[in-house]
Structures are given as C-alpha cells and as structure tokens.
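J.: Let me give you the structure first, and then I'll get to my questions.
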Amino acid sequence: TAQFLSKRRTPHYLRPLRSRSGSTDNHATSGLKFSILAELLSVGVSVLLSDVDVVFTQNPFPALYADADVEGMSDGWDELSAYGHTHTLPLPMSTQGPLRSIRLVARNSGLFYLSATHQALRMMKTLAQRM
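Quick look at the structure:
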C-alpha cells in the first residue's frame, strides 16, 4: 500500500508495529490501531477510522453529530444498548441529589471518529496500554 501511494505522490502514513505477544492474529493486530491513533491525535489530527470491510458510498462527515470527542458505531440490540442511557442511583443522604452516569453496552471499534482533543488522546493512550 505504501509503495502504491508513494508512486502516485499521495501523502500517507506508514508505521511498522508488532503486538506485545508478537502474534499476528486479528485481535492482536487490531489492538495496535490505538497506538497509531494516539500518535495522530497528539499532533492535532482528527481521525475517521474504518475497518477494511466498510465502504463509503458518500461523504460520511455530514452524518456525524460533532458533539463529542468520540463518535462511534454500536453493536447494541435495542435503543438503550445501542445509544446508551442515563442510569440514576438515588442517594438518600446526599444534598447533591441522585448520582447519574451514562451506561453504554457495546461499542464497535470498526468505525468511529475521533476529534483531536486531550480527552480523546487520553482515551486512545489508555486503550493502547490495555490492548
């Protein structure tokens, strides 16, 4: 791929990587993308990442909400699992009211957009360390 792009004077990014275990299986190499994403975010580049089995038939950017640091695809099976929901835990002794958190069931890392923010960078660094 790099040779193909170089011959056509097309800008590209090539970074050889090896998984921690040295394995070349799908899951080992898939986890490496978070290191590359962290590198790109660290220099201020926002990224739309897609797996090789994703085909764009039109410009995908108008479909993004652009209201979050990370926008991604879900593997959810209903509205609550696909889009997430606010979980409320009443705290009877609290003067602050109930504790609220956002619950997300299943995110798919095969298609997502990352804005070049410090928070997105921190997330990618954390994922790169864990994968």
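With the working numbering applied, the sequence shown covers 1 to 131.
Every residue gets a Cβ at the ideal spot worked out from N, C-alpha and C, and that includes glycine.
(1) Let me know the alpha helix (DSSP H) ranges lying completely inside the stretch 67-109, each 4 residues or longer, listed in chain order.
(2) Are the stretch 91-109 and the stretch 4-19 touching, with three or more C-beta to C-beta distances below 8 Å?
(3) L5 lies in the alpha helix (DSSP H); which residues open and close that run?
(4) By the DSSP assignment, the alpha helix (DSSP H) with S115 in it spans what residues?
(5) Which parts of the stretch 6-66 are runs of the beta strand (DSSP E), unbroken and 3 residues or longer, counting only runs that do not cross its ends?
(6) Per DSSP, what kind of secondary structure is M124 in: helix, strand or coil?
(7) With distances taken between CB atoms, is the gap from V105 to G76 smaller than 9 Å?
(8) Using only alpha-carbon positions, find the residue among S21, D25, T29 and Q58 that is nearest to L15.
(9) Return the Cβ separation of R100 and T88 in integer angstroms, given the expectation that the two are a contact with Cβ distance under 8 Å.
(10) Roughly how many angstroms separate the alpha carbons of L80 and I102, rounded to a whole number?
T.: Concretely, from the data shown:
(1) If only complete runs of 4 or more residues are kept, the stretch 67-109 shows the alpha helix (DSSP H) at 79-83, in order along the chain.
(2) These segments do not touch.
(3) Here the alpha helix (DSSP H) through L5 covers A2 to K7.
(4) Here S115 belongs to no alpha helix (DSSP H), and DSSP marks it neither H nor E.
(5) At a cut-off of 3 residues, the continuous stretches assigned as beta strand (DSSP E) that sit fully inside the stretch 6-66 are 47-50.
(6) DSSP, read as helix, strand or coil, puts M124 in helix.
(7) With a cutoff of 9 Å on beta-carbon distance, V105 and G76 are scored as near each other.
(8) Per the sequence shown, the amino acid found at residue 15 is Arg instead of Leu. Among S21, D25, T29 and Q58, the Cα nearest to that of R15 is on T29.
(9) Cβ-Cβ separation between R100 and T88: approximately 5 Å, consistent with a contact (criterion under 8 Å).
(10) Taking the straight line joining both Cα atoms gives about 11 Å.
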